[in-house]
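Here's the structure, in structure tokens; my notes come after.
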Amino acid sequence: MRVLRPSSWALLPRLLLVALVGLAGCEQPPVDELRFRVGYPDIPSTLLLYVAQDHRLFAAEHLKVETKVFPTGREALAATIAGELDASVVYSTPLVLAAMQGED
6 MRVLRPSSWA
16 LLPRLLLVAL
26 VGLAGCEQPP
36 VDELRFRVGY
46 PDIPSTLLLY
56 VAQDHRLFAA
66 EHLKVETKVF
76 PTGREALAAT
86 IAGELDASVV
96 YSTPLVLAAM
106 QGED
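The opening residue of the sequence shown carries number 6 in the working numbering; numbering runs sequentially from there.
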């Protein structure tokens with residue numbers, strides 16, 4: 006069995022120090038913020054969007070959420086289909102009607 010001599014033990018803290026200094030120099034790359042546009046009618050079921058914005062929950066996840074309120078879900082869906090929004094909050098009726106008309 007090999008026993009480490011005191012000089013070997015003296016080298017260990019130096020190696021740890023070099024490793025820590027090397028790690029301290031490593032930086033996290035900047036996180037890109039993802040932009041997301043969402044439209045919705047001003048109805049009670051969209052309350053969670055307001056809560057998330059007020060508490061900055063989107064920003065904590067590096068999301069830049071741009072919201073736009075529409076009078077109806079049908080208008081929000083039309084803006085999404087036109088490419089003005091990334092998503093919209095609607096009830097099933099406007100969605101089904103758009104699908105029946107061949108919209109993607």
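Just so it is clear, CB atoms sit at the ideal spot from N, CA and C, and this is done for glycine as well.
Quantities reported herein were computed from a predicted structural model and do not represent experimental measurements.
Out of P49, Q58, L82, state which residue places its alpha-carbon closest to the alpha-carbon of E71.
Here residue 71 corresponds to residue number 66 of the sequence shown, with the count starting at 1. It is Q58 whose Cα lies nearest to the Cα of E71.
Who are the near neighbours of Y45 in its chain, counting only those whose CB is closer than 6 Å to its CB and skipping five residues on each side?
Reading the sequence shown from its first residue, position 40 is the one you call residue 45. Taken in chain order, the residues that qualify are T51, A81, V94.
First and last residue of the beta strand (DSSP E) that includes P46?
By 1-based counting over the sequence shown, the position of residue 46 is 41. Segment 39-46, the beta strand (DSSP E) holding P46.
Can you tell me whether DSSP reads V36 as helix, strand or coil?
Taking the sequence shown and counting its residues from 1, the one referred to as residue 36 is at position 31. Three-state result, V36: coil.
Which runs of the beta strand (DSSP E) at least 3 residues long sit entirely within the region 62-88? Give them in chain order.
Runs of the beta strand (DSSP E) inside the region 62-88: 68-75.
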